[in-house]
Every structure is written in C-alpha cells, then in structure tokens.
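Report on the following structure.
2 protein chains.
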Amino acid sequence: MTTSNEFQRRSAELNDLLCVINVLTWDARTQMPGGGSGSRAQQLATLSALARERLLDPAFEESARQTGQDDGQDDLQQRAASQALEAVTAMRRVPEALTRELALLKSEAQDAWAAAKQNNDFAAFEPALTRMVDLTRQLSAALGDAASGEEGHPYDALLNTYEPGMTVKTLLPLFERLRAHHVPLLRAIQAQPAPRSDFLTRFYPPDAQKTFSLAAAERFGYDTGRGRLDQSAHPFEISFTREDVRITTRFQEHFLPGALFGTLHETGHALYEQGVDPELSRTVLTSDLLGLYAVGGASYGTHESQSRLWENRIGRSAAYWKLHYPELQSTFPEGLSDVSLEEFLRAVNKVTPSLIRVEADELTYDLHIMLRVELEMRLIAGELEVKDLPAAWNARIREDLGLEVPDDARGVLQDIHWSSGMFGSFPTYTIGNVMASQFYNAAGKAIPELEAQLERGEYAPLREWLTANIYTHGRTYTPHELLVRTTGEGLNPQPYLDYLTGKYSGLYGLEHAEQTQEHKENV
Amino acid sequence: MTTSNEFQRRSAELNDLLCVINVLTWDARTQMPGGGSGSRAQQLATLSALARERLLDPAFEESARQTGQDDGQDDLQQRAASQALEAVTAMRRVPEALTRELALLKSEAQDAWAAAKQNNDFAAFEPALTRMVDLTRQLSAALGDAASGEEGHPYDALLNTYEPGMTVKTLLPLFERLRAHHVPLLRAIQAQPAPRSDFLTRFYPPDAQKTFSLAAAERFGYDTGRGRLDQSAHPFEISFTREDVRITTRFQEHFLPGALFGTLHETGHALYEQGVDPELSRTVLTSDLLGLYAVGGASYGTHESQSRLWENRIGRSAAYWKLHYPELQSTFPEGLSDVSLEEFLRAVNKVTPSLIRVEADELTYDLHIMLRVELEMRLIAGELEVKDLPAAWNARIREDLGLEVPDDARGVLQDIHWSSGMFGSFPTYTIGNVMASQFYNAAGKAIPELEAQLERGEYAPLREWLTANIYTHGRTYTPHELLVRTTGEGLNPQPYLDYLTGKYSGLYGLEHAEQTQEHKENV
Chain A
5 MTTSNEFQRR SAELNDLLCV INVLTWDART QMPGGGSGSR AQQLATLSAL ARERLLDPAF
65 EESARQTGQD DGQDDLQQRA ASQALEAVTA MRRVPEALTR ELALLKSEAQ DAWAAAKQNN
125 DFAAFEPALT RMVDLTRQLS AALGDAASGE EGHPYDALLN TYEPGMTVKT LLPLFERLRA
185 HHVPLLRAIQ AQPAPRSDFL TRFYPPDAQK TFSLAAAERF GYDTGRGRLD QSAHPFEISF
245 TREDVRITTR FQEHFLPGAL FGTLHETGHA LYEQGVDPEL SRTVLTSDLL GLYAVGGASY
305 GTHESQSRLW ENRIGRSAAY WKLHYPELQS TFPEGLSDVS LEEFLRAVNK VTPSLIRVEA
365 DELTYDLHIM LRVELEMRLI AGELEVKDLP AAWNARIRED LGLEVPDDAR GVLQDIHWSS
425 GMFGSFPTYT IGNVMASQFY NAAGKAIPEL EAQLERGEYA PLREWLTANI YTHGRTYTPH
485 ELLVRTTGEG LNPQPYLDYL TGKYSGLYGL EHAEQTQEHK ENV
Chain B
5 MTTSNEFQRR SAELNDLLCV INVLTWDART QMPGGGSGSR AQQLATLSAL ARERLLDPAF
65 EESARQTGQD DGQDDLQQRA ASQALEAVTA MRRVPEALTR ELALLKSEAQ DAWAAAKQNN
125 DFAAFEPALT RMVDLTRQLS AALGDAASGE EGHPYDALLN TYEPGMTVKT LLPLFERLRA
185 HHVPLLRAIQ AQPAPRSDFL TRFYPPDAQK TFSLAAAERF GYDTGRGRLD QSAHPFEISF
245 TREDVRITTR FQEHFLPGAL FGTLHETGHA LYEQGVDPEL SRTVLTSDLL GLYAVGGASY
305 GTHESQSRLW ENRIGRSAAY WKLHYPELQS TFPEGLSDVS LEEFLRAVNK VTPSLIRVEA
365 DELTYDLHIM LRVELEMRLI AGELEVKDLP AAWNARIRED LGLEVPDDAR GVLQDIHWSS
425 GMFGSFPTYT IGNVMASQFY NAAGKAIPEL EAQLERGEYA PLREWLTANI YTHGRTYTPH
485 ELLVRTTGEG LNPQPYLDYL TGKYSGLYGL EHAEQTQEHK ENV
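Each protein sequence line maps, in turn, to chains A and B. Residues 5 to 527 (our numbering) are what the first sequence spells out, left to right. Residues 5 to 527 (our numbering) are what the second sequence spells out, left to right.
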C-alpha cells in the first residue's frame with residue numbers, strides 16, 4: 005500500500021466515523037425514545053473519542069505528511085493532506101482533559117439551559133454558563149496562538165473553527181457597515197403602514213404542509229432518493245455522505261411560514277451536500293475534523309449562504325410566488341382563498357422588530373446576530389461577566405429594536421448555542437446572508453437568462469451553476485478562495501445591501517435610500 | 005485505574021460500538037433512502053473492523069485475564085471476563101482475510117439471492133451460494149476444533165455461534181422426537197374439516213392495525229418510553245441498550261394476522277431486552293462479541309422462546325381473545341362484525357401445510373425448520389452440493405407436507421439466511437419453541453394464580469417472573485444453565501409436545517394422541 009493509499013484509507017475511516025456520529029445525532033433528534041438519551045450520549049462520546057484517537061494517531065499524521073510531500077499527488081490530495089495536518093496541529097493544542105470537560109459540561113449546561121428557559125430563571129443557568137465561558141476561554145487560548153498571532157482577538161480562534169480565515173478585524177467593519185444600512189432602512193419601513201399578516205396564523209393542516217413542502221424541496225432539485233424529510237423540534241439538515249442527506253422541519257398547525265420557508269432553508273443546505281463531487285466522499289474534504297462532524301460545505305457561513313439563497317432570494321421572491329401561489333392557495337383554501345398574491349407576498353416579507361431571532365425577518369435578523377456576537381466577544385475577552393449578561397442583552401434590544409424584553413426566556417435564554425459551547429458560530433448566519441447575494445449576482449452574470457428561468461420555475465440552471473462553482477468542491481477551498489474563484493472578490497456586503505434596499509423599497513414603497521451607495525470597497 | 009476498571013472501560017467501549025452498529029442497521033431497514041445503501045455498507049464495515057480490532061487488542065485480553073484471576077471480583081465480572089476470553093480465542097482462530105471475504109460476499113450474495121428470488125432463477129444464485137458454502141465451511145473448520153473436539157460435526161461450530169453449547173448430537177434426537185409427534189398430529193388434523201379463515205384477508209385499515217398492535221404491545225408491558233414501533237419489510241426487534249429497544253412490523257391491508265401476531269412476537273423479544281438488569285448495560289454480558297451485535301438475550305433460541313411464548317402461548321390463546329376480541333371487533337367492524345370469537349380463534353390457530361415458512365402455523369413451522377437444518381448440515385458436511393439443493397428441498401416438502409413446490413421462489417429461494425451466511429441459525433427457532441413451553445410451565449408452577457391472571461388480562465406477574473428468572477440475567481448464563489436454574493432440567497420437548505397436542509385436540513376435536521406420552525426422558 006502506498007502512503008497515499010494509507011492516507012486515503014485512514015481518511016475514509018475517519019469520515020465514516022463522522023458520518024456515523026451524524027446518523028446517531030439525526031436519530032436522537034427525530035426518532036429516539038426519551039429513555040435512550042443517556043446511552044446515546046455514551047455512544048456519541050465513545051465515537052468522538054475514537055475519531056479523536058484516529059485523528060491524533062501519529063500514523064495518520066505521517067501518512068498526511070508523506071502525501072503532502074509527494075509531488076505525484078494531485079491538488080486535491082495535497083489540499084486534503086494539508087487540511088489534515090492543520091486539524092491535527094490544532095487538535096493537539098487542546099488538552100484531552102479540556103475536550104472531555106467541555107463534552108461533559110455541554111450536556112449538563114444544555115439541561116440547565118432548558119430548565120432555566122422553561123422556568124424563566126437565568127440564575128439557574130448562570131453557574132453552568134459561567135463554567136462554559138471559562139472552559140471556552142481556555143479552549144480559545146489553547147487554539148489561539150496558532151490561529152491569529154499576537155495582534156488577534158481571543159474570539160478569532162473560536163470563529164475560525166466555524167469560518168476558516170475569518171477574524172474579528174474583518175468582521176467588525178462588516179457589521180458596522182450592515183448596521184449603518186439596516187437601522188435607517190428599518191426606521192423607514194416602520195414609518196410605513198404595516199402589511200396584514202393575520203392569515204398566516206390560521207389553521208393549516210400539517211399533512212398538507214408536509215406534502216407542499218416536500219414538493220417545493222423537490223422542485224429545487226432535492227433528491228429524495230438520497231434524502232428524506234422528517235419533523236423535529238428544531239429544523240436541521242445533516243448528511244451521511246452525499247448519498248444520504250436528510251432534512252427536517254416543523255409543521256405548526258397555526259403558523260404556515262415556519263414549515264414553508266424552513267423547508268426551503270434546509271433544502272438549500274441539502275442541495276449543497278447532495279451536490280458535492282462523489283470523489284470527495286469519505287475524504288478529509290467532506291470532514292470537519294476539528295468539529296468531528298461530516299459535512300461537505302466549505303464553512304458554516306458558506307453553507308448558510310445556500311440555505312438563505314434558496315429560502316430568501318428565491319423562495320420569498322415575487323417571481324416564485326407568482327408561479328406557485330395558486331398551488332398554495334388550492335392546497336389551503338380555508339387559509340388563503342381570500343388572500344391575494346400581493347397580500348401574501350407582503351406578509352411573508354413583513355419587517356417587524358421582534359424579540360425572537362428565529363422568528364425575525366431578513367432585515368432585523370442581522371441585528372439579532374450582531375447583538376449576540378458583540379456580547380459573546382466580550383464574554384470571551386473577559387470584558388463582560390455572565391451575571392451582567394441579561395442587562396446587557398436587554399439594553400441592546402431596546403437600542404436596536406426599540407423593544408422591552410419582558411422576561412429572559414424571550415431574551416438572553418432563547419438560544420441553545422451558548423449552552424452548547426458554540427461561541428463563534430453566530431457570525432456565520434450574517435456572513436451567509438452577505439455571501440448569498442455575492443453568489444447570486446455571480447450566477448446572474450454567468451446565466452443571462454437567470455431571471456427569466458426563475459420566472460418560469462426553472463431552477464435547474466441556477467442549481468447546476470451553484471453545484472459546478474460551489475457545491476462540487478466540498479471543503480476543498482476556504483470560503484475566501486471560493487468567493488474569489490466565483491465572484492472575483494472577497495467578502496463584500498454591497499450586493500446584499502443593494503438587494504435588501506431594492507427589495508424593501510419595492511415592498512414598502514420607499515424612496516431608494518442613499519446610504520447603500522456610500523461604501524463600495526470590500527470590507 | 006484498576007485492571008477491572010480497565011476491563012469494564014474496554015467492555016463498555018466495545019458494547020457502545022455494537023449498539024451503534026445496531027442503530028445503523030435499524031436505520032438502514034426502516035428510514036434510510038435507497039441511495040444511502042452503499043455508504044452505509046462502508047460505515048458498517050468500518051465499525052465492524054473497529055470492534056474486531058478492539059476485541060483482539062492484546063490489552064483487552066490482558067484486562068479480561070487479570071479480571072478473571074482476581075478473586076476480589078464478583079461472579080458477574082468473572083463470567084464477563086471468561087466470555088470475553090472465549091470470544092477472543094474464537095475470533096483469533098478466524099483469519100481476518102476470511103472475515104473480510106465473508107463480509108464482502110454477504111452483500112454480493114444477498115443481491116444475487118434477491119434477484120434470483122425475483123426472477124425465480126436458482127441458477128443465478130448458485131455461484132454465490134456455492135462460494136458462501138465454501139467460505140462457511142472454512143469458517144467452521146477455523147472455529148471447529150475449539151468448539152466440539154474430534155467427535156463433533158462440522159455444523160457444531162456454526163450452531164454454537166447462535167446457540168452456545170448446542171451440538172448436532174443433541175439436536176438430531178430432539179428433531180426426531182418432534183417429527184414423530186408432529187407428523188401424526190398433522191395427519192389427524194388434516195382428517196378434520198378445515199376451519200374458515202377467509203375473513204382474515206378482508207380489508208383492515210393499516211392505521212387501525214398500528215393503533216391496535218401498539219396497544220397490545222403496551223398491554224404486555226412494552227415500554228414505549230424506551231422503544232418505538234415502526235414499519236419494515238421484514239419485522240424485527242433490535243436494541244441499543246435496554247433503554248432503547250425498537251420493534252418493527254408490517255401492516256398489510258389484506259392480512260390481519262401479520263401485524264397482529266408479528267407485533268406480539270417482536271414484543272416478546274423486546275420485553276427480554278427491556279428487562280435486562282441495568283447493571284449489565286455496556287458490558288460483555290449484553291454483547292454478542294462473535295456476532296458483533298449488541299443483544300441482551302442468552303442465545304438466539306432463548307430469545308425466540310420469549311417471542312414465541314408471548315406470541316403463541318399468550319397471544320393465540322382462548323383466554324387472550326376472550327378478553328380482547330370485542331376490542332378487535334370494534335376496531336375492525338367491517339372485517340369482523342360477522343365473525344364469532346370461536347371462529348376467529350380457530351382461524352388464527354388453523355393448521356395447513358404451506359410452502360412458506362414465515363406463513364406457517366405453529367405445528368408445521370417446525371417441519372419447515374427441520375428441512376432447512378437437515379439440508380444445511382449436509383451442505384456444511386460436504387454431503388450435498390449446492391446444485392442439488394432445489395431437488396432435495398422439493399423432495400422434502402413433498403414428503404413432509406404433501407405439497408409440490410411450483411417454483412424455487414416459493415421453495416429453496418424463500419429465505420434470506422443462506423445468502424447472509426447464517427448457517428446454524430435455523431435450529432434456534434425450534435429450540436425456542438421447546439424452551440417456551442418449559443419456561444411457561446415453570447412460571448405456572450411458581451405462580452399458582454397464573455391462568456386466572458391471564459384470563460383477567462394481568463400480564464405483569466408473568467412478565468415479572470420471566471424478568472426475574474430470565475431477562476434480568478442478560479447473557480450471564482448459557483441457555484442450558486438458564487433452563488436448569490429456571491426449570492430444574494435441560495432442554496426437554498415434552499412440555500411443548502403436550503402443549504401442542506392439548507391445544508390442537510381442543511381446537512380440532514381430536515382424541516388425545518397417544519404418541520406424546522411415549523418419551524419422557526430429556527433429549
């Protein structure tokens with residue numbers, strides 16, 4: 005066996021383990037009886053420990069090194085080898101005891117969070133969160149020197165595990181620019197009469213929601229021969245190689261948009277995973293080796309760009325509903341027969357400041373994200389104490405959205421992320437929004453007929469362009485490389501700002517806001 | 005860490021891996037989209053190889069040896085250690101290349117078998133089956149010397165992997181005795197008018213079947229907080245520790261008994277797994293280390309004794325239906341309103357020679373098993389060639405059941421077992437039948453009120469007795485030890501023969517057959 009084969013064999017075994025971890029995770033969230041949670045946690049811990057052991061096996065490192073030094077290897081092999089070596093180096097910096105402590109704390113903290121949210125009692129969560137922040141700061145310190153050098157922010161190392169190459173130095177100016185755009189636009193929208201949306205909370209039979217949602221997913225090109233749609237409390241997408249990519253959604257009897265757009269969102273993620281080059285299956289290039297998670301997307305942000313593109317850019321567009329609203333209406337005659345296309349379109353694109361991130365519209369969503377990122381950066385930098393978190397949260401909600409937080413359950417306790425130790429993941433939602441518009445514009449340049457195709461419901465050309473330019477590459481390129489290859493430049497919020505301004509100006513009859521043209525340079 | 009802790013830690017890791025293999029198997033059979041089968045096979049192969057590696061790790065053997073030699077360890081630890089050492093010894097005897105060849109051939113042979121069955125073309129399966137017999141003979145030879153010494157049959161080593169301690173020398177006289185009982189009883193039954201059973205193939209709405217079946221499972225004590233009922237092509241039960249024990253059945257629109265009794269059968273298996281002592285979770289004593297399968301039952305036969313006991317002894321009894329038939333009738337008014345309790349009871353206990361094992365009644369079922377065991381013993385001994393198998397099969401069906409096999413799909417191709425390399429597993433179905441009556445009689449002795457309780461639908465006392473005497477012990481004891489502890493003797497067919505004679509004499513109005521009293525000694 006040549007060294008390269010040895011590297012491939014070990015990479016395949018590692019990827020298999022990560023895929024199995026994903027299967028267990030999917031099962032736990034969609035099928036498992038309640039009694040199984042304890043033993044499932046042990047099974048997951050055993051698999052994670054095994055994957056970590058295999059990753060840190062000196063023979064794996066050696067096989068990667070030899071592959072990297074072998075000029076006969078193709079570019080993909082070289083990239084796989086170098087990513088493997090980076091992951092090994094990073095994983096080595098994290099003491100095994102810290103990994104174990106974090107894993108143990110994670111389930112404890114999630115339980116504490118769930119109970120605290122249920123009882124609206126932040127104090128009950130505070131000790132676990134304090135410990136989580138402490139351990140995460142240790143993690144950041146362990147990873148940190150490697151990630152960003154001396155001039156970096158302690159948050160960089162965490163951010164990098166979700167969005168390779170992204171730093172606070174890049175992120176903060178981006179956020180400033182978004183805020184400078186979003187807040188005035190929000191004020192302008194709030195000055196207009198609010199569209200009606202009462203009909204969205206009528207009774208919508210869940211079975212019909214599922215039928216319509218699945219058909220919509222398939223229309224975009226989701227291959228149910230390599231996937232399936234289930235129900236779960238929190239919608240998600242997960243893959244066990246490109247041949248088995250599953251999505252979930254939630255069918256709420258009295259809230260139609262949840263399943264409708266949730267499914268399109270997860271479909272975007274799924275199209276990414278199903279579109280990865282088969283050659284990359286069972287390799288490092290479909291493995292998040294640090295996160296011990298099998299995934300084909302380049303980063304969390306890149307992945308989110310595709311869920312947002314298909315959900316928002318396509319799924320909330322006038323062209324989409326002009327074509328598909330009659331079918332939706334005939335599926336739900338009791339809910340929608342008295343609602344015009346125009347009313348429906350304005351309702352599903354309605355902008356309203358709200359307390360809950362996952363219910364937020366496209367515009368205020370970014371404000372929710374920035375709030376979280378600012379607070380978690382200060383926690384990780386040691387500039388904010390956990391006990392002061394609720395007050396800081398509530399102050400920002402007041403400032404940005406003009407709302408009073410009535411209780412912590414609808415405030416600082418609403419998200420699971422911090423209890424899971426996912427510090428550094430929030431920025432990727434907004435990065436995804438920004439990337440989505442860049443990718444969409446690049447597709448538009450490459451396919452002059454794009455708008456006309458979408459108006460006819462022809463989604464294949466767009467999907468195929470995205471597949472050829474993004475999906476097929478798996479994790480071969482960094483997000484920045486992918487952007488440059490595809491759009492000719494790095495992360496640039498201008499297309500996103502133009503999209504939002506144009507969209508809401510049309511929907512709310514605003515004059516074109518000036519501030520979107522202020523900045524043209526990349527951030 | 006003491007050595008015992010080291011043994012426990014390694015055993016827990018191994019059991020976790022086996023539980024995960026079971027999760028992947030369950031998912032593949034109930035949830036997985038078709039496209040996922042290739043990558044799932046690779047994931048399973050990787051996990052099996054890992055489990056094998058951990059089992060054969062010299063450090064595991066050493067930890068087991070030290071535990072076995074440590075007088076401070078309790079009896080359970082000693083037994084776990086000795087079972088681990090036995091498994092290591094046996095697994096070591098099988099060359100890794102043979103294990104790999106068998107695993108590869110298994111999926112190839114299953115595909116060939118499925119296609120051959122579909123097209124009724126035994127010749128298309130013959131090459132794969134010939135190779136499977138050849139590799140299985142090699143497996144038997146590798147395991148064999150250890151298993152049964154010089155005077156043994158080559159089939160013994162295979163039989164032992166499913167039914168520890170069972171040999172051809174014990175099995176054949178048992179079979180002779182069953183045959184001597186069953187065939188005359190069958191002839192006597194055939195001389196009587198056949199009960200009507202046409203109503204069983206009326207339309208029975210699948211949703212109502214599921215509701216009734218699940219309620220019936222819960223009535224026996226199946227804990228759905230630690231389990232769930234799904235649909236699959238071939239019903240089965242599988243566990244991922246006692247805390248997550250899942251069953252499946254098949255809801256056929258035009259065949260009520262399939263789901264009805266299939267669910268009770270799998271419930272019997274599930275009660276066994278859910279009843280294992282929590283202390284045995286994640287140990288060798290809930291691990292089939294040779295089969296690389298997590299299971300709490302002592303053997304295939306012991307497990308089958310519980311599925312048969314709950315399905316047949318309880319679920320097909322007059323007492324059961326006297327109590328529950330009104331509910332069944334009101335669940336399916338269109339199918340059963342014109343059918344009396346008596347008619348229903350006779351229909352679901354109707355004896356008819358048939359071509360298909362899985363559709364056979366309690367009496368002819370054993371004849372199907374004996375036919376298969378005789379043929380597979382001759383294959384493994386090299387006394388029968390694969391090309392002569394269909395003729396041998398058809399001859400035995402003619403002789404035992406008086407039927408002509410119209411095609412191989414309804415003959416030699418009907419079962420998946422041989423294509424899966426499961427030579428040696430068929431006897432355990434009949435062994436289970438025999439054991440079921442022994443256990444049931446022992447329960448009756450211990451619980452004088454048993455019959456009265458069952459007539460009142462009180463299943464808890466029986467389940468609790470079975471739990472305390474059988475289920476709780478997991479794989480601690482061999483089947484023989486369990487029988488002796490529980491019934492005071494080894495395998496003895498007399499209670500089973502008495503049960504069948506009594507049952508069918510009543511249902512068919514026969515005079516009590518004499519031959520059941522001919523033999524009293526154990527076999």
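Virtual Cβ for every residue (Gly too), placed ideally from N, Cα, C. Given the structure is predicted, the values throughout are model-derived calculations rather than measurements.
- request: Pull up the distance between the alpha-carbon of A351(B) and that of Q333(B), whole angstroms please.
  value: One C-alpha to the other measures close to 14 Å.
Assigned exposure category for K121(B) - 16 Cβ within 10 Å defines buried: buried
message: Report the CB separation of G169(B) from T482(B) in whole angstroms; it is logged as a contact under 8 Å.
response: 5 Å
task: Identify which residue in F336(B), W325(B), F430(B) has its Cα closest to the Cα of L375(B).
output: F430(B)
task: Let me know the secondary structure DSSP gives S152(A) once reduced to three states.
output: In this predicted model, S152(A) has a pLDDT of only 49, less than 50, meaning its place in the structure is not dependable enough to derive any value.
query: Counting only beta-carbon atoms, is A221(B) nearer than 9 Å to chain A?
result: no
- request: Verify the CB distance criterion: does P209(A) have a CB-CB separation below 9 Å to chain B?
  value: Taking Cβ atoms only, chain B never reaches closer than 9 Å to P209(A), which makes this a no.
message: Against chain A, with Cβ distances strictly below 9 Å, would R206(B) count as a contact?
response: no
- request: Would you mind telling me which residues of chain B sit closer than 9 Å to R467(A), beta carbon to beta carbon, in chain order?
  value: Residues of chain B passing the Cβ test: none, with the nearest at roughly 17 Å.
- prompt: Where DSSP assigns a beta bridge to E241(A), which residues make up the other side?
  reply: I251(A)
field: First and last residue of the uninterrupted beta strand (DSSP E) at Q77(B)
entry: Neither: Q77(B) is in no beta strand (DSSP E) and is coded neither H nor E.
field: Cβ-based neighbour list, L60(B), same chain, cut-off 8 Å, excluding 5 preceding and 5 following
entry: V92, M95, R96
message: Counting only Cβ pairs nearer than 8 Å, list the residues of chain A close to F244(B).
response: G40, S43, R44, Q47
message: So with CB distances below 7 Å, who are the chain B contacts of T505(A)?
response: Here the premise fails: no neighbours, minimum Cβ distance about 41 Å.
task: Leaving out five residues on either side along the sequence, give the residues of the same chain with a beta carbon under 7 Å from the beta carbon of G428(A).
output: Y159, L162, L163, T165, Y166
task: Could you tell me which uninterrupted alpha helix (DSSP H) segments, each at least 4 residues in length, are contained entirely in the region 456 to 498 of chain B, listed from first to last along the chain?
output: List check, alpha helix (DSSP H) in window: 464 to 473, 483 to 491.
query: Taking 9 Å as the CB-CB limit, is R479(A) close to chain B?
result: no
- prompt: Under 8 Å Cβ-Cβ, which residues of chain A neighbour G229(B)?
  reply: P37, G38, G39
query: Going along chain A in order, which residues have a C-beta closer than 8 Å to the C-beta of E270(B)?
result: By Cβ distance, chain A contributes nothing, its closest Cβ being about 15 Å from E270(B), past 8 Å.
message: Classify P452(A): buried if its beta carbon has 16 or more other beta carbons within 10 angstroms, exposed otherwise.
response: exposed
- prompt: Under a three-way DSSP split, which group does Y276(B) fall into?
  reply: helix
Paired residues, beta bridge with A298(A) - DSSP: Answer by DSSP bridge pairing, in chain order: S291(A).
task: State yes or no: is the beta carbon of V24(A) nearer than 9 Å to at least one beta carbon in chain B?
output: For V24(A), the answer is yes, since a Cβ of chain B falls inside 9 Å of its Cβ.
task: Say whether the region 11 to 22 of chain B touches the region 458 to 475 of chain A, bearing in mind that this needs 3 or more beta-carbon pairs closer than 8 Å, one atom from each stretch.
output: The region 11 to 22 of chain B is not in contact with the region 458 to 475 of chain A.
Neighbour-count burial assignment, P337(B), 16 or more Cβ in a 10 Å radius: exposed
query: Candidates L182(B), Q256(B), L176(B), D227(B): which alpha carbon is nearest F207(B)'s?
result: Q256(B)
message: If I follow the unbroken alpha helix (DSSP H) through L178(B), where does it start and stop?
response: 172 to 194
field: Inter-residue Cα distance where the pair is K326(B) and E459(B)
entry: 8 Å
- prompt: Going along the chain, which residues of the region 270 to 302 of chain B sit with their C-beta nearer than 8 Å to a C-beta in chain A?
  reply: Correct list: S285, R286.
- prompt: Less than 9 Å separating the beta-carbons of Y1(A) and T432(A)?
  reply: With chain A covering 5 to 527 only, the question about residue 1(A) has no answer from this structure.
query: Should the region 16 to 25 of chain A be regarded as contacting the region 41 to 61 of chain A, the criterion being three or more beta carbon pairs within less than 8 Å?
result: yes
task: Would you tell me roughly how many angstroms separate the C-alpha atoms of P410(B) and S424(B), rounded to the nearest one?
output: Computed Cα separation, rounded: 25 Å.
message: Using a Cβ-Cβ distance cut-off of 9 Å, determine whether N9(B) contacts chain A.
response: no
- prompt: Which stretch, first to last residue, makes up the alpha helix (DSSP H) that contains D404(B)?
  reply: Unbroken alpha helix (DSSP H) run through D404(B): 393 to 405.
query: CA-CA distance, G42(A) and G229(B)?
result: Straight across, the Cα-Cα distance linking G42(A) with G229(B) is about 13 Å.
- request: Answer yes or no: do E277(A) and G300(A) have a C-beta to C-beta separation smaller than 9 Å?
  value: A contact, by the Cβ cut-off of 9 Å.
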